[in-house]
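Numbering (our numbering), first residue to last: 1177 to 1895.
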């Protein structure tokens, strides 16, 4: 359930407001602290507010004649503020700065649409012609040429996310009544364009989006008083043409025959959205109100009338709503709890939702969701009656059928359906992740998918969310089919998500990954989050060395009879500067390194690995080993990166399986000598550390015994 709590006024917006917000509010953005918000007016002023105290902490204005043209944002990494005035002039300042004329200024070569500041990804600048740059890249050359992605289209909305430490930007454009969706992954320089499916006699008014499990969920508020959902997979083939994105109805904004004319909305959690708009009953004057809806049970949870009117804008941060009400900026606190059918219809015990008229559209309520809620209250009754009829006081009826039967009937009905219909229906089924026995249902779905598409190419990225609740034993034919089709992205997802992959399949994946060329892998859009933080990738996918040795030693200093010159063809220096494989292949090999295995069962298969592939794999393991050793904590940065123990275990396993081959191969001799030299340098380094371990422990003991008060200088000598 959801409820609106106390409200208060943050500041005035009229000419007498005293904080420069007399021109109306352009936008509200989060500040450097969770209790701070940054307000930008439709003129030349930005103001930082502390919400709990309802007072301004700072106010900055550009000169008369200049206009701030996009919302001012905070750089969460540097605690600086970023503004753009007159479309092209960039300003950056800190809290202590007062006069914006004296702060950093840069004139850009193209008009800016908006700046998005990401907590872990830094600011991202979107230009009006669709070009995108990170702020760091833009500041290196402010006058750099910005490419035109769009020509006659106009940007209507944009948002940015961080997924797997990778910035992702989505923006929507409009041209002649058609709406287009652009998704860009900045680090990969990957841009995909989609067309939004048209809706007869209505058009989208507002958008919001969120990202989860590599899928962007786009919600659209239409003029027909409905909210639609669009799923956009983040992983897509780079060769695919412009696709039309199908949408599904998420919520109908109607209450007892009255429709809510929404102007803006925000997502609160997986089951709740808030909509700001006007509600008009037949024969009555419309009233503006703030409402919270439960999308799972199609109910209005709570509402609040706003008699003084609003600007139609709604923001939500830190469980607080912000909107203009009359001539003030109002803040309302809210709370959301786990959805249940009892709460949705107002029958939850100790429920406190005053002044709410609950409404349930039983005709759109899903059978499976009704069964879930009723089983918690009447488990015995549902077991004895597989079919039953529920009657409300208004004689509204909903039939309930067992979930397993409905899934079976669905798959049977889709047996001869077209590919598009099949994918659309499965996408809707996957969105019900809370239905009973979901994992068993996924097993049935995957079996049907495998049986249907065993002879054709299938867009697995559309169904990647299936694998987050699955295992190898639940669908053993899935990875076999992926190996036959050489579907690298599907194999990567399975290796990351399945905990029970047999060693034979793990070896087959490894052999497939090593055999495919880097050039072919560059055409495949896959998850690179495990390599982005230690392999720097430029737009041409060439690695750039940026690491700094931290661990106090360099193998270059260990010159002896083992020293061997490494040729440029190996792409690997004695320090392991360059990765011997491309980033795509590195991500696939990392997935193999993360998979569970038994040495006894994997070793016989590993002995069948071709010699050239074994050498290449060992080169990559050596590269990872050097990278780990450069860090003080011997840990690679990033998500799902191999650990030092995993790297060493696989290196030892590979040498055990191919020891004779490695000794005989000329190209392996250079690699083994470099590996031997590097390991020996490490042994010597840690041996020296062990020699002073006792002294360091004694110093630590002495420091604990002394009280240095507030200031002390002490010289310690090691003898």
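C-beta atoms are modelled at their ideal positions from N, C-alpha and C, and glycine is treated no differently.
From the options, pick the residue whose C-alpha is nearest to that of residue i; which is it?
i            : options                   : result
residue 1353 : 1237, 1430, 1373 and 1688 : 1373
residue 1170 : 1421, 1245, 1346 and 1399 : Only positions 1177 to 1895 of the chain appear in this structure, which leaves residue 1170 out of reach.
residue 1776 : 1770, 1825 and 1390       : 1825
residue 1231 : 1874, 1648, 1238 and 1213 : 1213
residue 1339 : 1392, 1710, 1871 and 1421 : 1392
residue 1420 : 1699, 1370, 1365 and 1271 : 1370
residue 1220 : 1263, 1185, 1183 and 1178 : 1263
residue 1329 : 1179, 1306, 1337 and 1323 : 1306
residue 1851 : 1253, 1256 and 1796       : 1796
residue 1278 : 1287, 1284, 1856 and 1266 : 1266
residue 1293 : 1773, 1256 and 1468       : 1256
residue 1254 : 1268, 1242, 1243 and 1241 : 1268
residue 1446 : 1273, 1471 and 1437       : 1471
residue 1364 : 1832, 1702, 1799 and 1665 : 1702
residue 1433 : 1460, 1448 and 1444       : 1460
residue 1203 : 1222, 1185 and 1385       : 1222
residue 1208 : 1326, 1234 and 1390       : 1234
residue 1650 : 1242, 1343, 1673 and 1836 : 1673
residue 1385 : 1436, 1690 and 1441       : 1441
residue 1336 : 1394, 1792 and 1660       : 1394
Using C-beta distances below 6 Å, list every residue in its chain close to residue i, excluding the 5 sequence neighbours before and after it, in chain order.
i            : result
residue 1360 : 1308, 1345 and 1367
residue 1766 : 1706 and 1818
residue 1333 : 1348 and 1383
residue 1834 : 1790
residue 1331 : 1289, 1347 and 1349
residue 1351 : 1328 and 1329
residue 1747 : Low per-residue confidence applies at residue 1747: pLDDT is 40, beneath 50, and the placement is therefore not dependable enough to give any value.
residue 1876 : none
residue 1704 : 1759 and 1763
residue 1396 : 1380, 1383 and 1404
residue 1205 : 1214, 1247 and 1249
Would you give the residue range spanned by the beta strand (DSSP E) that residue i belongs to?
i            : result
residue 1291 : 1288-1294
residue 1268 : 1265-1269
residue 1371 : 1366-1372
residue 1171 : Because the chain in this structure spans residues 1177 to 1895, residue 1171 falls outside the shown range and cannot be described.
residue 1759 : Taken as a continuous stretch (DSSP letters only), residue 1759 belongs to no beta strand (DSSP E), being part of the alpha helix (DSSP H) at 1759-1770.
residue 1665 : Not the beta strand (DSSP E): residue 1665 falls in the alpha helix (DSSP H), residues 1664-1673.
residue 1336 : 1330-1339
residue 1282 : 1280-1283
residue 1754 : Careful: residue 1754 lies outside any beta strand (DSSP E) and carries neither H nor E.
Which same chain residues, not among the five before or five after residue i, have their C-beta less than 8 Å away from its C-beta?
i            : result
residue 1291 : 1246, 1247, 1249, 1258, 1260, 1299, 1300, 1301, 1302 and 1311
residue 1201 : 1189, 1215, 1216, 1217, 1218, 1487, 1489, 1500 and 1505
residue 1181 : 1508, 1509, 1510 and 1511
residue 1822 : 1769 and 1770
residue 1322 : 1284, 1285, 1286, 1303, 1305, 1307 and 1309
residue 1727 : Here the model assigns residue 1727 a pLDDT of 41, short of 50, so the residue's position is not dependable, and the following value carries that caveat. Result list for residue 1727: 1805, 1806, 1807, 1808 and 1861, in chain order.
residue 1887 : none
residue 1448 : 1178, 1468, 1469, 1470, 1471, 1477, 1512 and 1515
residue 1711 : 1719, 1755, 1759 and 1762
Can you name the start and end residues of the alpha helix (DSSP H) that residue i belongs to?
i            : result
residue 1205 : Premise fails: residue 1205 lies in the beta strand (DSSP E), 1201-1206, not in any alpha helix (DSSP H).
residue 1360 : Note, residue 1360: premise wrong, no alpha helix (DSSP H); beta strand (DSSP E) at 1354-1361.
residue 1843 : 1842-1867
residue 1681 : 1679-1691
residue 1309 : It is not in any alpha helix (DSSP H) - residue 1309 instead sits in the beta strand (DSSP E) that spans 1308-1310.
residue 1819 : Note, residue 1819: premise wrong, no alpha helix (DSSP H); not H, not E.
residue 1661 : 1653-1661
residue 1896 : Missing from the structure shown is residue 1896; the chain here goes from 1177 to 1895 and no further.
residue 1805 : 1787-1806
residue 1704 : That residue, residue 1704, is in no alpha helix (DSSP H); it is neither H nor E in DSSP.
residue 1695 : 1694-1697
Looking only at its own chain, which residues have a Cβ that is under 7 Å from the Cβ of residue i, when we skip the five neighbours before and after it?
i            : result
residue 1494 : 1210
residue 1738 : Because residue 1738 sits at a pLDDT of 36, beneath the cut-off of 50, its placement in the model cannot be relied upon, and the point is left open.
residue 1435 : 1401 and 1429
>> Would the region 1807-1816 count as touching the region 1853-1867 if we require 3 or more Cβ pairs under 8 Å?
In response: no
> Is the number of C-beta pairs between the region 1766-1783 and the region 1666-1686 that are closer than 8 Å three or more?
Replying inline: yes
>> Quick check: the region 1422-1434 against the region 1398-1412, are at least 3 beta-carbon pairs closer than 8 Å?
In response: yes
> What beta strand (DSSP E) runs, 3 residues minimum, are completely inside the region 1451-1513?
Replying inline: Runs of the beta strand (DSSP E) inside the region 1451-1513: 1463-1470, 1475-1481, 1491-1493, 1496-1501 and 1504-1512.
> What residue ranges within the region 1216-1268 form continuous beta strand (DSSP E) runs of no fewer than 3 residues, ordered along the chain?
Replying inline: 1221-1226, 1231-1237, 1244-1251 and 1256-1261
> Can you give, in chain order, each stretch of the beta strand (DSSP E) that sits fully within the region 1419-1450 and has at least 3 residues?
Replying inline: 1419-1421, 1424-1428 and 1434-1445
>> Going residue by residue through the region 1375-1419, where are the continuous beta strand (DSSP E) segments of at least 3 residues, counting only ones entirely within it?
In response: 1380-1388, 1391-1398 and 1402-1409
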